[in-house]
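See structure below.
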Amino acid sequence: MIINHPLLGPRDASEFVYLGDAALMKRPDWQADDAAQQFYEYLYLRDNIAGQHRELWYHEQGDRSWLVVTRNTETHEITAVELARDVATREGHAV
Amino acid sequence: MANYTLTASSPLAGLQQEYQGVTLAEVTNKALVSISVPLGGETALQTAVTATYGVTLPVTGKSSKTSVDNALFAGMSRDQCWLFFETDNIRPVNIITEKLGASGYYTDQSDSWVMLSLAGEKSRDVLERICPINLDPDVFLIGDVARTSMEHMGSIILRESEHNYLLCSARSSANSFVHAIELSIKNVI
Amino acid sequence: MKMTSQIQQVNRVSQGLLNNNTEQSLSFEFNGKSMTGYAGDTLASALLANGEKLVARSFKYHRPRGIFSAGSEEPNALVELRKGAYQEPNTRATIIELFDGLEAKSQNYRGSLKYDLMAINDRLSPFLSAGFYYKTFMWPKAFWEKLYEPIIRSSAGLGRLSAIEDGDSYDKGFLHCDLLIIGAGPAGLAAALQASRSGAKVLVADEDFLLGGRLNAENHGVAGAAGHEWAASTVAELNSLPNVRIMPRTSIYGSFDHGIYGALERKTDHLASSGGKPRQVLWRIYSKQALLCAGSTERPIAFANNDRPGVMLAGSVRTYVNRYGVTAGQKVAVFTNNDDGWRTAVDLSDKGVEISAIIDTRDKAPLAAPKGAAVMMGGSVINTAGRHGIREITLSNGQKVPTDCLAVSGGWNPNVHLTCHQRGKPEWQDDISAFVPGHALPVGMQVAGAANGTLTLASALAEGHAKASEMVSNIGYTPSNSLAPDSNDESCAVSAFWYVDSGKDRAWLDLQNDVTVKDIKLSHQEGFRSVEHLKRYTTLGMATDQGKTSNVNALAVMADCTGKTIPETGTTIFRPPYTPVAIGALAGRARGKDFRPTRLTPSHRWAEAQGAVFVETGMWLRAQWFPQAGETTWRESVDREVIQTRKSVGICDVTTLGKIDIQGRDAAAFLNKIYANAFAKLPVGKVRYGLMLREDGIAMDDGTTARFSDTHFVMTTTTANAVSVFRHMEFARQCLWPDLDVQLLSATEQFAQYAVAGPNSRKLLQKIVDADYAIDNESFPFMACAEITVCNGIPARLFRISFSGELAYEIAVPARYGDSLFRVLMEAGQEYDVVPYGTEALGVMRIEKGHAAGNELNGQITAQNLGMGRLVSKKKDCIGNKLSERSALNTDNIVELVGFRPVDVTEMLSSGAHFIAIGAEASTENDQGWMSSVCYSPELKMSVGIGFIQNGSQRLGEKVRAVDLVRGKDIEVEITSAHHVDPEGERLRG
Amino acid sequence: MRYSAFTVIKQALTGHKDWKPAWRDPEPRSEYDVIIIGGGGHGLATAYYLAKEHGITNVAVLEKGWIGGGNVGRNTTIIRSNYLLPGNEPFYELSMKLWENLEQDFNYNAMVSQRGILNLSHSDPQQDAYARRGNAMQLAGADSVLLDKAGVEKLCPFLDFDNARFPIKGGLWQPRAGTVRHDAVAWGYARGADTRGVDIIQNCEVTGFLMENGQCLGVETSRGTIKAKKVAVAVAGSSSRVMAKAGMRLPIESHVLQAFVSEGLKPIIPGVVTFGAGHFYVSQSDKGGLVFGGDIDGYNTYAQRGNLPTVEDVCEGGMALMPMIGRARLLRMWGGVMDMSMDGSPYIDKTHVEGLYFNGGWCYGGFKATPASGWCYAHLVATGQPHPVATEYRLDRFVSGKMIDEKGVGAQPNLH
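Residue numbers (the numbering used here), protein chains in the order written: chain D, 485 to 579; chain F, 2 to 190; chain H, 21 to 1010; chain Y, 646 to 1061.
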C-alpha cells in the first residue's frame, strides 16, 4: 500500500506502523463517574468497520508523525490522510 | 587528578572508496543539531533564523542552504528542522543557542548518525537497490531530503547536487549501513 | 550453422530467429546425455531439436510426459537444473535459456525415466480416483502415520532441493514510473511507443529474453516489416529514449494495492555462472498506471490419452518452428476448433514438415490445407497410442493416422491473471469462448491486446496505442499524435469445443497433477460442485502452472455436468504469483548475518580485542562476559566479574538503553501522564525511577528519567522497548495531548553510556571528572544527575543510579568519545583492579538485587504483580491507571514478585519452573506461579531466583516446590524477599 | 455410504458409479431447534457434536457461500497444544485429543499427521519462556520437550547453525503436534453432521436476526426467514459484521493473514518449524509443497489478500532460518481474514441476547481449535453452561481484567 502523506507525498506503507481505529484518540475523562466503563469501551470495543475506516498510522521510518488515514477495509482505497495532531486539535481530545 | 585525554573517533574511521562511476566517503566535518519548534513559537523561531542565517525555515522534505557556517536546514517534520553545519566545537548546541536564543529546543544529533557522501553518475543506480524513495531527478530535486528505511535501517537521504547524495543512518549500525551501500555498488557496477 | 551439430539436431529445420552472430553451438547435458543447441534456444527447443520427446513423469500416475508448450504455462517439462548448491527443481524447460555447459535432469521417477517403477500407479489408477485418500487409510488407526503417510509422502513432490544453502545471492530494488507496461508483445510495444513519445516515464517488462511476444512466433507483418523485425527495431528505438526502461527476462508476478507491482528480473539465469552477481533481482515497482499486455495462453482439447509426449499446443508447435527453427515432429497432425490451429499446419508445411492430418471440430475449413495433409472437418481425435511418445492417433471416424506430434488448439485464454490479484473476477466473452478481464480491475490498471480478448494483430496494436494515449493523459501528459503501427487482422474464429468423450479411457485436463475429465465428473457426483470445492477435491490447478492450460476446460466439463453455462458454473481467479518466484529472491539480501542490521556499542572494538563473548540483544551485539586466561567455563568469568564489581569496581556498557531527550514547557506535565508514578515535581538535578503502564494497566517499561532543567528531561528505557516507548510517547504527544508543549528526540545513539559500579566507583570517576564538579556523597547523592565535563572539558552527563545495588554511576559522553572513555576508565581503574562486566554479570547483580527486567516485564504483569501497586498515583491522570483498578487485577490472590532460594543450597534453581505446593499433584489447577529469573549468586554462594507466586508478599519463609518438568527437576524452595543482597539498599547510598 | 478401503476398491471395480454426494443439498425448513450461522470448520464441528454428543439433530448450518470456503480452507494446517496460560492450554489439549481420534470418529481421512512442532529459541530469556511454557503444557497433560541446540540440530540439521544473525539456542518441541488436511476437516464434519440429520444449507446469507423482547427467535436470510430456539454464530473473520446486525460491538478487529505454498518438492522438512527471531513458520504437505507463513499484515481489512512487505518479511525469515530453500519457488499466496481479539484468545460465550450465542475471535489459531471449539460450543448451546475447559473465553472478560494474553502485547489486536 501507499500512504499519501500530507507533507511528504506518497510513501510505502511499510515505512509506517499501524495502531488501529482513530477512536483511540478519544481517551475518556479519568474523573467521569463511569470512567471504568468508558475506558473499557475505549480500549477494547471496536466498530471494526467493513468500509471507510479512520485509522492511526505512525510514520516511524519518516517524520515520526501520527496520521489519521481514511481507508476502505474492503478495497484498501485511501481517501484521506491527515496529521493526527491536527485532527486531535480540531476534534477535541483527551483531557 | 591524573591527566586523561579522550580522543574522538568517527563511526567509519573516515572511510573513502572509489568505484567506477561512484565514490563513497564518510563525512566527518559536520555537526547536526535538531531544532524543535515550541508550540505556538513558529513565528519567533522563523524570525530568529532569518535574522541570523538569512534563510527561511524549509518545509518538511526540503532544505535551505546558507553561507553562515556553511549550514543547511533540513525540514524533517512539521515541528522539527535539522541543522547540518561545519564546526569543530564539541558543543554545537551552544552555537545555535547563541544565535537563536530560546526560540527553539535544541538537541545535539552530531554523534547519533553516520554520514556518508555517495557521489557520481552511478549513484542513483546504486541507491535503486536499497532506497524506496523515488529518486527520479525530476521528482527528488536538488535540496530535497527524505527520511526512510534502507535494508531495515532508518536513514536520511539528501540530494546535494545532480548526482551527489548525503546519506545518514544510525551510528551504531554504521557498518551494516555501509555494507548495504557497498553491496549495492558491487551488485550494480 | 555447424554441420556436426545439425546432424545431431534431427528436428532443426531452419535457423529461426536464433542469433546470427553467435553461430557457435552450445553443448549441454540432459539426463547425462550430451547434446547441442544454439544461443537463443530454450532448453525445450534444444531438446526438441535433438528429438528428445520423453522429458518428465506426471505427479500422480507417473505417466510419460513431453514438452507441451513454449512458455511459462508449461505443465509437463519440469526439470532439475544445475547441481549441488545451484540445483533448481521444477524448472520449466520452456523458459530455460540454453547456455554452454547446461546440465539438467528429469524428475519424479524411480529407476529410469523411461522405465519408471512408480508407473505402477498408472495401472492402479481406478483406485486412485479424485479424493480416494479421504475415504481410506483410516484403519488400523496407527497405520496412517507409520505406513500409509510415509508412502504417500515419499511419492510427494516433483523435484528435489539439494539441502545445501543456495549458492547464489539475490538483490532487491525499487522502481518508479508513470506507466508500467506488462508484456512486450504487439500491444505492449505499440503502447510503449505511444506513451514514450508522449513524454511519460515508461517501464516495459517482459518475461521473455526476446521481446516481441507472439510476433516472434508468427509470420505476420507490422508496419511493412516482418513482425519480429518490427519488434526488434521498436525495442531498439525505445531503448534509445531516456524516459523508457526496457526490462527483458522480467516477470511481473503480482499486482498489489495502490499500483505496486512485484517483478522478478532474472539477471544471470541464462549464464553458466552468476559470477558473484545477484542471480535475480526482485523489484518493487510503484506505478501511476499499469497496462497489462500479457497476451493469451492457448488451451488444449481433452480426449483419451491426450497426455502423451508429442501432444502439444498448436501455437507452441508454431513457435518452435518459426522462432527456433525446430519442428516438434516429422509427421505432424493438427487438432483444432479454431482458425488459428490451421496456421500451425501452414507454417510447418512451409518449412517442409509433413502434415499428416488436420482435424477440425467445425464443419467448414477456414483456409486451404497444406499439400498432402488429410483434412477431417466436424471430427475429432478420440485416442492416441505410443508408449513413450505419441505414435498414432485415432480419429472419430475410426481412422488411425500415424503421427509423432499432435498439435492441439482449443482456442486462446486471455492472460487475465494480474487482473485477479486484487480479487477481481474475470467475465465470460462468448465470441472468443474465454474469460476476459472483469470490470473491477486493480486501480490504475487497464488491459490491452490478447490479454483483453483482442486476439488479432492489427486490433491489438491499435488497442495498445489507444490505451497508452488514454492512460498518459490520465496522468497529465498530452498524447503524441503518432498513429498506431499498421497491420492486418488475421482470422481467429473459434467454436467452443472442450473435450471428447473418452469412454473408459482417461482424458487429461491438468497434465501435471493428473486430473482427468472423469475426476471432474466424480467430483460433481459427490457434491463438490463449486469451483472452490472442485479444485480442492481434485487438486485441479494446484500444480506449478496454477492451471493455466487446464482450469477453463475443467470448468466446461463441470458446466456440462450441472447443465449450466460456464460463467454460471464459476470463474477461476488467480492468485499471485503469476509464475513461481524463488523464495531466495523474495528474501533478497536478508539472510545469514545480513538478515538484520547489527548495532555495535561504543566499547565494541575494545571488548572484541579483549576476547569478549558477545550476545545478540535485539539488533545489538553486547559483551556477555569477558573471559580471562585460565577460565574454562562462563560461570568462572561471570562470578569473577560480579565479585570484583561488588568488591571494588566494574564497568559495563549500557549504551543500548533507550534514551529520549524530552524538552518543552510542559515536559514535566507530559511525563506525569506517561509514567504511573508522579514526575511533575522532580527537582532539577535529580533522577527518578519511572514505571510506565500501557492503557490496560499492564507494565510497559521502566527506567529512570533525569531532569536537567525546568524544560529538559532525559529518559532512559529498556533496550528492548526503546522504539516502542518512543512511538507510544509520540502517540500521547500528538494524539492525546496535542496542547502540551513538548518535543521528543531519540538520543540513544548520541551518547555512549557506561555503568561504573562498586564501592570504588566514585574514586575511579573522581580521576576523570574535571575538578569543577564535586561528586562526593553529599554534593552528588544517590539519584543525583548533572551535566559535567571529564578529561579536561569533554561534556558528559553523570547519573547516580544503580542497577547492581552497589554505589554506582552511569556516565554518558558524546558517542565519538565512547571508545576512548572506556579505555580511559579501564586505565584509570587499574589501581582498583577494575573489571569490565558483561550482560551476564549485569543480570546476576540485578537478580541478586531483585530488580525486574525483561523476563519479568513480559507484558502480562501489572504494577501490583511487581509489588509496586502503591507507586501508581491515584491523584493524577496517567496512561493505565484507570484500567489497572479492574477487579481481577487486584484480588488477594494475584501473583507477586518475590525471591526464591533452594532449601538444599547445593541445588540449582531453574527459570521457567512452576510453583506447586509440597505434596500436591503437579497440575494446572495447582499451579501457583513461576520462576522468572535465576542466577548463581557468588555473594550468597548459592542459586537464587526471583519469580511470581500467588500472594507472594504474604508468604515469605514458606516452602513450595519449583517443578521444572521439562528439565526433570522438582525441588523445594523457600519464598524470600526479592532483594537477596543488601535488602536495605545501604550500599547504593554509601 | 460408509467409507473404507473396501468401498473404495468396490467402487473402483464398478466404475465409481455409486458414490453419493458427501452431504445433501436440502431446502431450508421454516424452523429448527438450533441454527448455526457459518459453515466453516467451527460451525460444522459444532453441528456435528450437537448431533452426536447431545442428540440435537434438528439443526441447520447456514453458509453464505460454500462450506469450508473460509479460514478452514485457507490456513497452514497446523495443529498443536503448546500454550502457556491456564485459560488456554487445557482447551487446546482437549482439541489435540479430539484430533487424535477424529478420523475414526467421523469416518473421513483428514490425514492427521503428528509430525511435531519445533519452536526455536534464539536467546536465554526466550529459552526460559519456553521452559515455563513447556512446563505449563505438561501440567495440563500435554507433551513437551525442551531441546538444546544439539537437540535441535538432530531434528533439523538443515537449519542455519553456522552463520545465523540470531543463532539458534534451543527450542520447544511438541511431538504430538502436526498437520491436518484442512479441507477434509470441513468436509468430514459436514458429512458426519449431515448423516446425523443436520441440514447444511449453502448459499444462504444471514441478513438479520429475529429479535423480540431481548430474545433471538431466528434469522432473516437470503433464502427467507428461518426460526430457531437458539442461534449460534460461528463466522470468525466476519464476526463484527454479523454481530452488528444484533446491535453488538465486539472486542475484535479483522485482519488478514497471508499464507504461502511452494512448488511440490520431495520431502525435506520433517515437522513444523517456527523461527523465534523473525516471522516464519513452515511445514511440508503430503503433496510436497512447503506450506509457510508469518505475521499478519497488521492493518484492519476484510479483503482476502495481503501486500508485499509481509511476503518479503516472511521469506526473509525463511532464508535466515533455512537457506537451503532459496531455490524453492513460491507457487501461490493467499490471505484469510482473521478475527483478531484484544488479547489473542478466543470467545465462546452467550450474549446479552437470550438464545444468541457467539463463537469467534480465533485470531490465526482457529484451525487447530476446530474440534474443541465445536465440542465446547455445542456443550454451551446444548446445556447453557460453558464447558469446563472454555470457561475463560468470556466476551466480557476485559471488564474485570481477566485477559488471556499469551504474547503479552495488550489490547492491540494486530500484535497478537
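Backbone N, C-alpha and C fix where the C-beta goes; we use that ideal spot for every residue, glycine too.
Computed from a prediction, not measured in an experiment: that's the story for all the values here.
Report task. Count the CB pairs spanning the segment 221-233 of chain H and the segment 185-200 of chain H that are closer than 8 Å, and state whether there are at least three. Result -> yes
**Report entry** Members of the segment 272-286 of chain H that neighbour chain D once the beta carbon cut-off is set at 9 Å
**Finding:** Phe276, Asp277, His278, Gly279 and Ile280
Query - Opening and closing residue of the alpha helix (DSSP H) in which Phe888 of chain Y lies - result: For the purposes of this step, residue 888 of chain Y is taken as the residue at position 243 of the fourth sequence. With the sequence shown as reference, residue 888 of chain Y is identified as Met, and Phe is not the correct amino acid for it. From DSSP, the alpha helix (DSSP H) with Met888 of chain Y extends over Ser884 to Ala889.
Report task. Quick one: using the 10 Å Cβ neighbour count with 16 as the cut-off for buried, is Glu941 of chain H buried or exposed? Result -> Locating residue 941 of chain H in the third sequence gives position 921, where the first residue counts as 1. Exposed, since its Cβ has fewer than 16 Cβ neighbours within 10 Å.
Query raised in the report: From Thr498 of chain H to Val553 of chain D, what distance separates their C-alpha atoms?
Result: In the third sequence, residue 498 of chain H corresponds to position 478, counting from 1. In the first sequence, residue 553 of chain D corresponds to position 69, counting from 1. In a straight line, the C-alpha of Thr498 of chain H is about 33 Å away from that of Val553 of chain D.
Query raised in the report: How would you write the range of the beta strand (DSSP E) that Gly853 of chain Y sits in, first residue to last?
Result: Residue numbering aside, residue 853 of chain Y sits at position 208 when the fourth sequence is read from its first letter. Residues Val851 to Glu857.
Query raised in the report: Within 8 Å (strictly less), CB to CB, does Glu539 of chain D reach chain Y?
Result: What you label residue 539 of chain D is simply residue 55 of the first sequence in a count that begins at 1. By this cut-off, Glu539 of chain D is an interface position.
Requested in this report: Scan the segment 722-802 of chain H and note each continuous alpha helix (DSSP H) run of 4 residues or more that stays entirely inside, going in chain order.
Outcome: 742-751 and 781-786
Query raised in the report: From Met21 of chain H to Ala76 of chain H, what distance separates their C-alpha atoms?
Result: For this step, residue 21 of chain H is matched to residue 1 along the third sequence. For this step, residue 76 of chain H is matched to residue 56 along the third sequence. Only weak support exists for where Met21 of chain H lies, its pLDDT of 43 falling under 50; the coordinates are left without a value.
Report task. Determine, using beta-carbon pairs with one atom in the segment 147-165 of chain F and one in the segment 176-183 of chain F, whether at least three such pairs fall under 8 Å. Result -> yes
Query raised in the report: Under 8 Å, do Val757 of chain Y and Thr1015 of chain Y count as touching if we go by C-beta distance?
Result: Here the question's residue 757 of chain Y lines up with position 112 in the fourth sequence. Here the question's residue 1015 of chain Y lines up with position 370 in the fourth sequence. Against a cut-off of 8 Å, the Cβ pair of Thr1015 of chain Y and Val757 of chain Y comes out as no contact.
**Report entry** Cα-Cα separation between Gly816 of chain Y and Thr675 of chain H, rounded to whole angstroms
**Finding:** Position 171 of the fourth sequence, counting from 1, holds the residue named residue 816 of chain Y. Position 655 of the third sequence, counting from 1, holds the residue named residue 675 of chain H. Rounded to the nearest angstrom, the two C-alpha atoms are 30 Å apart.
Requested in this report: Tell me Trp1020 of chain Y's beta-bridge partners as DSSP assigns them.
Outcome: Taking the fourth sequence and counting its residues from 1, one reaches residue 1020 of chain Y at position 375. Paired residues: none, contrary to the question.
**Report entry** Whether Val669 of chain H touches Met803 of chain H by CB criterion (8 Å)
**Finding:** Reading the third sequence from its first residue, position 649 is the one you call residue 669 of chain H. Reading the third sequence from its first residue, position 783 is the one you call residue 803 of chain H. Not closer than 8 Å, so no.
Requested in this report: Using a cut-off of 8 Å between C-beta atoms, extract the partners of Leu529 of chain D located in chain Y.
Outcome: Position 45 of the first sequence holds residue 529 of chain D. Simply Arg894, Leu895 and Pro896.
Query - Backbone secondary structure at His900 of chain Y - three-state DSSP - result: Position 255 of the fourth sequence, counted from the start, is the residue given in the question as residue 900 of chain Y. Note: His900 of chain Y maps to strand in three-state DSSP.
**Report entry** Collapsed DSSP secondary structure at Asp984 of chain Y in the structure displayed
**Finding:** In the fourth sequence, residue 984 of chain Y corresponds to position 339, counting from 1. In the structure shown, Asp984 of chain Y sits in a strand (DSSP, three-state: E or B).
Query raised in the report: Using a beta-carbon distance cut-off of less than 8 Å, what residues from the segment 144-177 of chain F approach chain D?
Result: Ala147, Arg148, Thr149, Ser150 and Gly155
Query - Residue nearest to Ala377 of chain H in terms of C-alpha spacing, selected from H:Asp370, H:Ala365, H:Arg130 and H:Pro386 - result: For this step, residue 377 of chain H is matched to residue 357 along the third sequence. It is H:Ala365.
Requested in this report: Whole angstroms is fine: what's the gap from Val38 of chain F's alpha carbon to Arg817 of chain H's?
Outcome: For the purposes of this step, residue 38 of chain F is taken as residue 37 along the second sequence, with counting starting at 1. For the purposes of this step, residue 817 of chain H is taken as residue 797 along the third sequence, with counting starting at 1. If I take the Cα positions, the gap works out to 25 Å.
Query raised in the report: Do we get a CB-CB distance below 8 Å when we pair Gly576 of chain D with the residues of chain Y?
Result: Locating residue 576 of chain D in the first sequence gives position 92, counting from the first residue. So no, Gly576 of chain D is outside the interface.
Query raised in the report: Ends of the alpha helix (DSSP H) at Ala365 of chain H?
Result: For the purposes of this step, residue 365 of chain H is identified with residue 345 of the third sequence, where counting begins at 1. First-last of the alpha helix (DSSP H) with Ala365 of chain H: Asp359 to Asp370.
Query - N- and C-terminal bounds of the alpha helix (DSSP H) containing Arg660 of chain H - result: In the third sequence, counting from the first residue as 1, residue 660 of chain H sits at position 640. Where Arg660 of chain H is concerned, the enclosing alpha helix (DSSP H) stretches over Trp654 to Lys667.
Requested in this report: Taking 8 Å as the cut-off, decide whether the C-beta atoms of Thr592 of chain H and Leu606 of chain H are in contact.
Outcome: As a first step, residue 592 of chain H is located in the third sequence; it is residue number 572 there, counting from the start. As a first step, residue 606 of chain H is located in the third sequence; it is residue number 586 there, counting from the start. Against a cut-off of 8 Å, the Cβ pair of Leu606 of chain H and Thr592 of chain H comes out as no contact.
Report task. For Phe178 of chain F, name the three-state secondary structure that DSSP assigns. Result -> Start at 1 with the first residue of the second sequence, and residue 178 of chain F comes out as number 177. It is helical.
Query raised in the report: What three-state label does DSSP hand Thr347 of chain H in the structure shown?
Result: Residue 347 of chain H sits at position 327 when you count from the first residue of the third sequence. The answer is coil: DSSP assigns Thr347 of chain H none of H, G, I, E or B.
Query raised in the report: Does the beta-carbon distance from Gly372 of chain H to Val33 of chain H come in below 8 Å?
Result: Numbered from its first residue, the third sequence carries residue 372 of chain H at position 352. Numbered from its first residue, the third sequence carries residue 33 of chain H at position 13. Contact flag set, yes.
Report task. Would you identify the three-state DSSP class for Gln419 of chain H, choosing helix, strand or coil? Result -> Translated into the one-based positions of the third sequence, residue 419 of chain H becomes position 399. Gln419 of chain H: coil per DSSP, three-state reduction.
Query raised in the report: Any Cβ of chain H within less than 8 Å of the Cβ of Ala507 of chain D?
Result: In the first sequence, counting from the first residue as 1, residue 507 of chain D sits at position 23. By this cut-off, Ala507 of chain D is not an interface position.
**Report entry** CB contact check: Gln545 of chain D to chain F, cutoff 8 Å
**Finding:** Residue mapping note: residue 545 of chain D aligns to position 61 of the first sequence, counting from 1. Yes, Gln545 of chain D lies at the interface with chain F (some Cβ there is under 8 Å from its Cβ).
Query - C-beta contact flag for Phe1003 of chain Y and His827 of chain Y at 8 Å - result: Mapped onto the fourth sequence, residue 1003 of chain Y falls at position 358. Mapped onto the fourth sequence, residue 827 of chain Y falls at position 182. No, Cβ-Cβ distance for Phe1003 of chain Y and His827 of chain Y is not below 8 Å.
Query raised in the report: Skipping 5 residues on each side, what residues in its chain have a beta carbon closer than 7 Å to that of Ala109 of chain F?
Result: In the second sequence, the residue the question calls residue 109 of chain F occupies position 108. First, the amino acid is wrong: residue 109 of chain F is Asp here, not Ala. Within the same chain, Asp109 of chain F has close Cβ partners Val34, Pro93 and Val94.
**Report entry** Under 8 Å between C-beta atoms of Glu908 of chain Y and Pro600 of chain H
**Finding:** Counting from one through the fourth sequence, the residue named residue 908 of chain Y turns up at place 263. Counting from one through the third sequence, the residue named residue 600 of chain H turns up at place 580. For Glu908 of chain Y and Pro600 of chain H, yes; Cβs fall inside 8 Å.
Requested in this report: For Gly187 of chain H, I'd like the list of residues in its chain whose CB is within less than 6 Å of its CB, leaving aside the five on either flank, ordered along the chain.
Outcome: Translated into positions along the third sequence, residue 187 of chain H becomes position 167. Result list for Gly187 of chain H: Ala105 and Tyr106, in chain order.
Requested in this report: Return no unless some Cβ of chain F is closer than 8 Å to the Cβ of Arg548 of chain D.
Outcome: Here residue 548 of chain D refers to the residue found at position 64 of the first sequence. Interface residue, yes.
Report task. For Ala191 of chain F, write down the residues that DSSP places opposite it in a beta bridge. Result -> Here chain F covers residues 2 to 190 and nothing more, so residue 191 of chain F does not appear.
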